[in-house]
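Report on the following structure.
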Amino acid sequence: MSEPSEPDLQLETELRQKLAPHRPDPEAFERRVRERIRERENQPRVETREPSRFVRWAAAVLPPDIGLALLAKQGGFLSTLALPVLVVASGFGAFIAGKRSIEKSARESAPPTAPEPNRWKMAKARSLQRESLIHVLLQFGVLLVIAAPLLFGGARAFDIVALLLAASMGLLAFEVRWLARAGLMRRGSVARMCSGLLCSVYNMCFLWGSAFGLVDPSSNVGPCWSAGLMLAAITLCALAMWHERAASRWNTGLTIGWCLCVFLALTPALSPSSPGYLRRYIRDFAADTRTLQGWRELGFAGEALRAAGEDLPHLAHVRTAVDRAIESGDAAHPGIWTAAARLGLIDDAHWAQLAQRKGERYKLDQILALDGPLRLLDYDEYQLHMLLATRELDAAQREHLARRVAAAWPRTPAHGRLETADMCVRLWSLLCRSDQIEAHGPEARALLDEHWISGEERKLFAKIGGFTSDPAKFRTSFDDTTYAAVDLIAHVGRSNGVDPFLLRGHARSQAERFSLWIASISQLQVSSHAAWLRLEREIGLPQRSWLERVLAERVLLATLLTLLLCVVALRAAPSRAELVRRGLA
Amino acid sequence: MDEPDLSRWIAAFRGPLIGLLASWRGNWRDAEELAADVFAEAWLSRARFDGDAADIERAGAWLRGIAFRVQAAAARREERRAAASLDGVEVAQPEAEVDERRELLDAAFAKLAAPQQSILRMFYLEETSAREVAALLDITTKAAEERLRAARNELRELVQREARQRERGHSAQGARA
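Okay, structure coming up:
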């Protein structure tokens, strides 16, 4: 932690003084604990049903998350632990077996001879046929990737990707074996074969996966690193082909150009959640109060940056636009006032000026005068900001408002309950009623569970790992609902049913879903970027042990092993320079 | 897990655990009692803790689980009894002299969001490192530090805002007088 500044030190001292009366006497406290232990040791203990000895052992030696999951669902040992381990093990197994096979192929390959035109022509034709067959086989892998969410649940789709990568290592070893037997094992041929195979694997595992919105449920770095590495490897294979004179300059250029285009267009940014995107969005925001476009997202971005403890960029241009709209009496959309209020851009004088308008004054009077549920739409949040800034509310009025908000709490099934609950929490927060927020915590967490789209969801095209606005009608996640849910979690805590890593995977995949082609409508990504940042920096993710972290990166591991096997195959094949030296080129 | 481990756990987690329970319960006295219950329960069921007692993260997760259960049981027992609010208890404490600055801090603290109040209580009740707080909250140390920083910044802003409001109030009163 960085050194606190002078005002921080003063604040810390004051906080310690404030809490001092509640500080327990360490010795007396420990004495009390030991007394209780003595008392209870003499009482008969009600034994709960213990998990089996094996499960308890496994829970103790395994990382906390896996261990607790094991204890929670004893029957689910295989699904909790075995699959990730099996996937990683199959990757390493395929690599070791592939490496041994390639080395054996290199040792036992037919001795290279000077190329005879007819023999080479026939061998190359057979090689192309075989490669085509393999590429057709790989297309079935695409179908498997697409169908994985339907067959195994969305969270398992990336396990299928990792298994397909392991299978591709087997295919690589098989192709090398065939080239060696045919006496064609040359670095150029192997580079061409690796390049073709990696292109197919990239399309199968990453391009289609990204197109169908697969969510990596556990990875820290995300699938974009694997995809980027794969494209880099294809580029290197293309360069090796050119160097070995197995491909023309044009072919090499085309391949590299394709990789570059795909990388720029379809492979998302490789950075983890960072405030940079949001800061840039705010800085470049064209503050036009005549249109609502982007204002809501501006509020999200500002809120997320503040929640993450980041400084907001210079907001003078937005403040000026808002002030001007208020001063000139323009009828801007309420969403603009709400976004400005969330960013703290409207000072008391301007609130007072806005509250002078007839319509606004009427709204404030109604808020205080009426008795029923206070149902404010999300863009009407500014009304409470304005009320608090312009009127001196006594305790009874504040209590009245808190009760009206409580009456609006969504108890009956309806569309948008989660958003309504979040709005209630926001309003209580403005009224400084943390007691109400805490009191409604269990209900809010139950709502989160109810609206959560889990990784077990077996539906094609369903976006898992986020929240739906209506669980009865839509079994897919929505960005705005997910942002509202993250805000709710920040206030009331996470419910047990929500997997924070899957939620992070969802937010990341949504944040990265658009690339250069449609960067101009960047506000579409802001709520996901904001949710991602708040989840990582404000709410925090549970700690994971090294084993969990390794298992979480199984796709990246499988990708690295596949690329390593390509390197092994390239190194095992004689280069053109070597063949020239031996007079065989 | 043996006797010295229990003492180490108490020394490491006493402050943040009481702070956490105080946030859940809304009452400092209950929080301290429950914290004692949590440590006693942890000791009595130590056979189920198969990890390394020196591992702060495991110990924190284990204590947090027990704290959840103990708190839930206490809440069930006292379902009908309205819990006294934290603010009420704080005001009831004997204070030698409550200066204006302290009043500002109290008012600003009450306006903080519940999770921010919680993390400040956990850190500042005793001298606690981020690691223990993070272990109890089941988050990374970095996330705990970030939360603390955000809460401190928010509190500082609220104190300043509160001070400005009061100043305005005083000057308005002065003008009326």
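Protein chains in written order, with this note's numbering: chain A, 21 to 605; chain B, 326 to 502.
C-beta: ideal position from N, C-alpha, C; glycine also.
Classify residue i: buried if its beta carbon has 16 or more other beta carbons within 10 angstroms, exposed otherwise.
i	result
R69 of chain A	Here the model assigns R69 of chain A a pLDDT of 47, short of 50, so the residue's position is not dependable, and the following value carries that caveat. Burial call: exposed.
I356 of chain A	buried
C225 of chain A	buried
E317 of chain A	buried
M142 of chain A	exposed
T340 of chain A	exposed
K436 of chain B	buried
H511 of chain A	buried
S239 of chain A	buried
K378 of chain A	exposed
D463 of chain B	buried
D519 of chain A	buried
K493 of chain A	exposed
W270 of chain A	exposed
F115 of chain A	buried
E451 of chain B	buried
Quick one: what does DSSP say residue i is sitting in, helix, strand or coil?
i	result
W472 of chain A	strand
F194 of chain A	helix
G111 of chain A	helix
G174 of chain A	helix
L284 of chain A	helix
L536 of chain A	Confidence in L536 of chain A is poor, its pLDDT being 48 and thus under 50, which makes the residue's placement too unreliable to answer from.
N516 of chain A	coil
R395 of chain A	coil
F232 of chain A	coil
T496 of chain A	coil
N223 of chain A	helix
K607 of chain A	Residue 607 of chain A cannot be examined here, being either before or after the span of chain A that is shown, 21 to 605.
G670 of chain A	Residue 670 of chain A is absent from the structure shown; chain A starts at 21 and stops at 605.
Q37 of chain A	helix
S348 of chain B	helix
P433 of chain A	coil
D304 of chain A	coil
Would you list the one or two residues that DSSP bridges to residue i?
i	result
F487 of chain A	A:W472
Could you tell me whether the Cβ atoms of residue i and residue j are closer together than 8 Å?
i	j	result
V235 of chain A	G517 of chain A	no
A460 of chain B	A468 of chain B	no
L445 of chain B	A488 of chain B	no
F364 of chain B	I335 of chain B	yes
L421 of chain A	H471 of chain A	no
R465 of chain A	S515 of chain A	yes
S110 of chain A	L183 of chain A	yes
A361 of chain B	F49 of chain A	yes
R554 of chain A	A324 of chain A	yes
Y449 of chain B	L408 of chain A	no
I457 of chain A	A439 of chain B	yes
P169 of chain A	G485 of chain A	no
G203 of chain A	M261 of chain A	no
Q530 of chain A	D499 of chain A	yes
Q386 of chain A	L396 of chain A	no
For residue i, which option in the options has the closest C-alpha, if you only look at C-alpha atoms?
i	options	result
Q441 of chain B	A:R60, A:G161, A:L35 and A:L413	A:L35
Q490 of chain B	A:D367, A:R528 and A:R362	A:D367
G322 of chain A	A:T358, A:T311, A:L312 and A:D308	A:T358
L181 of chain A	A:W566, A:F283, A:Y222 and A:V546	First, the amino acid is wrong: residue 181 of chain A is Val here, not Leu. Considering only alpha carbons, the answer is A:Y222.
M250 of chain A	A:L577, A:R591 and A:R602	A:L577
V600 of chain A	A:V105, A:L185 and A:R206	A:R206
E470 of chain B	A:G560, A:R591, A:L583 and A:I302	A:G560
A597 of chain A	A:K378, A:G229, A:E264 and A:A143	A:E264
W546 of chain A	A:L438, A:G364 and A:W315	Note on residue identity: the sequence assigns Val, not Trp, to residue 546 of chain A. With distances taken between Cα atoms, V546 of chain A lies closest to A:W315.
A415 of chain A	A:P433, A:L396 and A:L388	A:L388
R299 of chain A	A:D385, A:L421 and A:L335	A:L335
A428 of chain A	A:R411, A:R446, A:L413 and A:Q417	A:R446
A433 of chain B	A:E59, A:L218 and A:L31	A:L31
Q37 of chain A	B:E328, B:R427, B:D377 and B:T466	B:R427
L256 of chain A	A:L583, A:A505 and A:H420	A:L583
V395 of chain B	B:L345, B:D431 and B:Q498	B:L345
I154 of chain A	A:W198, A:G229 and A:H353	A:W198
P104 of chain A	A:A145, A:R56, A:A177 and A:S548	A:A177
P491 of chain A	A:S454, A:P433, A:E55 and A:R478	A:P433
K479 of chain A	A:R60, A:L171, A:R43 and A:S129	A:L171
D355 of chain B	B:A392, B:S454 and B:R477	B:A392
Contact list for the region 362-386 of chain A against chain C, Cβ threshold 7 Å = No chain C appears in this structure, whose protein chains are A and B.
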